[in-house]
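Here's the structure, in structure tokens; my notes come after.
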Amino acid sequence: MWKIIGHDWAVQLLEASINQGNIANAYLLTGPDGVGKRTLALEMARALCCTGHPRPCDECDNCRAVIRGSHPDVLVIGPQDGSIKIDQVRELRRRAMLAPHRSRYKIYIITDAETATPEAANSLLKTLEEPPKHLVLILTASNADALLPTIVSRCQVINLRPVPLSTIEKALRERWDIQAEEATFLAHVSTGCPGVAIKLAQDEGLRDKREREIKTLLEILKGDVIDRFEWAASASRDPTTAQEMLERWLTIWRDMLLLAEGRRDWVVNLDFVDELGKAVEQMGKEALFKGLRETCSTVQALKKNANLRLALEVLMLNLPCTRA
Numbered sequence: 402m403w404k405i406i407g408h409d410w411a412v413q414l415l416e417a418s419i420n421q422g423n424i425a426n427a428y429l430l431t432g433p434d435g436v437g438k439r440t441l442a443l444e445m446a447r448a449l450c451c452t453g454h455p456r457p458c459d460e461c462d463n464c465r466a467v468i469r470g471s472h473p474d475v476l477v478i479g480p481q482d483g484s485i486k487i488d489q490v491r492e493l494r495r496r497a498m499l500a501p502h503r504s505r506y507k508i509y510i511i512t513d514a515e516t517a518t519p520e521a522a523n524s525l526l527k528t529l530e531e532p533p534k535h536l537v538l539i540l541t542a543s544n545a546d547a548l549l550p551t552i553v554s555r556c557q558v559i560n561l562r563p564v565p566l567s568t569i570e571k572a573l574r575e576r577w578d579i580q581a582e583e584a585t586f587l588a589h590v591s592t593g594c595p596g597v598a599i600k601l602a603q604d605e606g607l608r609d610k611r612e613r614e615i616k617t618l619l620e621i622l623k624g625d626v627i628d629r630f631e632w633a634a635s636a637s638r639d640p641t642t643a644q645e646m647l648e649r650w651l652t653i654w655r656d657m658l659l660l661a662e663g664r665r666d667w668v669v670n671l672d673f674v675d676e677l678g679k680a681v682e683q684m685g686k687e688a689l690f691k692g693l694r695e696t697c698s699t700v701q702a703l704k705k706n707a708n709l710r711l712a713l714e715v716l717m718l719n720l721p722c723t724r725a
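Note that our numbering gives residue 475 to position 74 of the sequence shown, counting from 1, and the numbers run on in steps of one.
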């Protein structure tokens, strides 16, 4: 049984390929953070290694070894200090040339493949151009546009879309024994990404972080230019946190636009609906659209390696203000 929330179509596609022995040498799983890319990659690895039935069976030694992270034919690598390095890919290529130990395939999973340095990406491309027959390479990427087009063209691309909220809510209740009201809240906040809901359920610190991100935007909308520039200077010291905050703000602008249209039932951040409603009353729709556009433009600019502090300062100048 594939242990993943949603994505039935992707599971069926991969199951059919495995059962028919029609396995590609390389797959690229794309989609937003927390949507289930890494989980699907590991479940595929279990199915490929499984000796039971149906695959994955959860009972055989291979299935259990993949879950423990100790299977000799399954390797997972990800970014080190923010990027995938050339030495990681060289080691992968060296090990890929060796025959499998216990399975028919060697399955190597590269998470956040878009973070590969140019040298690492070029080395990876060489592996994709002449892969050993026993190698199955599974890449995951939140931003596939950042990958070399020649890498993408050599992969079977599976784009994972957000999971229906009702599916996430049901899984939280049945698998994690979360109460109905809490499950509804977590499903909405996840915006269709099960991993986000699970992390928020298990990590109180992440919930506190989310609340700070929302409150920060509401305070910025009230603040003057000096307050905003002070925030930009502070936020620019931590690029990862700043970018995560901007992604959160996109959900806030979305919620405020929905509230402006009277669609409270579609709001994601249910616990802040009153505060967001007050902000909507103090800004017109044009200002809300402007806030969304400017935040989205900043997120895209940062993905293209724009100067963080400059991008944040421009955003602070362009965001609308709430009227007292």
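Positions of the beta carbon are idealized from the N, C-alpha and C atoms, including for glycine.
Residue i, DSSP secondary structure in three states
i: Leu561; result: coil
i: Ala707; result: coil
i: Ala517; result: strand
i: Leu720; result: coil
i: Leu476; result: strand
i: Ser637; result: coil
i: Asn420; result: helix
i: Val668; result: coil
i: Ser554; result: coil
i: Cys458; result: coil
i: Ser698; result: helix
i: Cys450; result: helix
i: Gly663; result: coil
i: Asn544; result: coil
i: Gly593; result: coil
i: Met498; result: coil
i: Thr512; result: coil
i: Glu531; result: coil
i: Leu647; result: helix
i: Ala549; result: According to the sequence provided, residue 549 is Leu. The question's Ala does not apply to it. Reduced to three states, the DSSP call for Leu549 is coil.
Which residues DSSP lists as bridging residue i, in chain order
i: Ser484; result: Gln481
i: Ala427; result: Leu538
i: Ile406; result: Ile406 is not bridged to any residue.
i: Lys507; result: Leu536
Of the listed residues the options, nearest to residue i (C-alpha basis)
i: Arg555; options: Ala547, Ala581, Glu570 and Glu531; result: Glu531
i: Ser591; options: Trp632, Ile487 and Pro433; result: Pro433
i: Pro640; options: Asp675, Met657 and Lys704; result: Lys704
i: Thr617; options: Ala643, Arg494, Asp482 and Leu443; result: Ala643
i: Asp628; options: Glu416, Ser484, Ile559 and Met717; result: Met717
i: Asp459; options: Thr512, Lys691, Lys404 and Leu525; result: Lys404
i: Leu619; options: Met498, Gln683, Pro533 and Arg456; result: Gln683
i: Ser504; options: Arg664, Thr518 and Leu476; result: Leu476
i: Thr585; options: Gly596, Val715 and Thr568; result: Thr568
i: Arg578; options: Ile424, Gln603 and Val558; result: It is Asp, not Arg, that sits at residue 578 in the sequence shown. It is Gln603.
i: Leu573; options: Ala442, Leu561, Cys594 and Gly470; result: Cys594
i: Glu645; options: Glu612, Arg665, Gly663 and Met657; result: Glu612
i: Asn426; options: His408, Val436 and Met445; result: Met445
i: Lys534; options: Asn423, Asn706, Cys464 and Glu520; result: Asn423
i: Asp409; options: Ile419, Asp474, Leu499 and Leu561; result: Leu561
i: Leu709; options: Asp656, Arg649, Leu659 and Ala636; result: Ala636
Boundaries (first-last residue) of the alpha helix (DSSP H) holding residue i
i: Val467; result: Asp462 to Arg469
i: Val590; result: Ala581 to Val590
i: Gly432; result: Element bounds for Gly432: n/a, residue is neither H nor E.
i: Gly606; result: Glu605 to Lys623
i: Glu570; result: Leu566 to Arg576
i: Gly678; result: Val674 to Gln683
8 Å contact criterion, which residue i and residue j should meet: CB distance rounded
i: Ala712; j: Thr696; result: That belief does not hold up - the Cβ atoms of Ala712 and Thr696 are roughly 11 Å apart, past 8 Å.
i: Val537; j: Ile406; result: With a Cβ gap of about 23 Å, Val537 and Ile406 do not count as contacting.
i: Ala598; j: Ala588; result: 6 Å
i: Leu689; j: Ala661; result: 6 Å
i: Ile508; j: Leu449; result: 6 Å
i: Leu529; j: Ile552; result: 6 Å
i: Gly483; j: Thr512; result: The pair is not a contact, with the Cβ atoms about 13 Å apart (cut-off 8 Å).
i: Gly692; j: Trp654; result: 5 Å
i: Ala757; j: Ile559; result: The chain is shown only over 402 to 725; residue 757 falls outside these bounds and no answer can be derived.
i: Val467; j: Arg447; result: 5 Å
i: Ile539; j: Ala417; result: About 17 Å separates the two Cβ atoms, so there is no contact after all.
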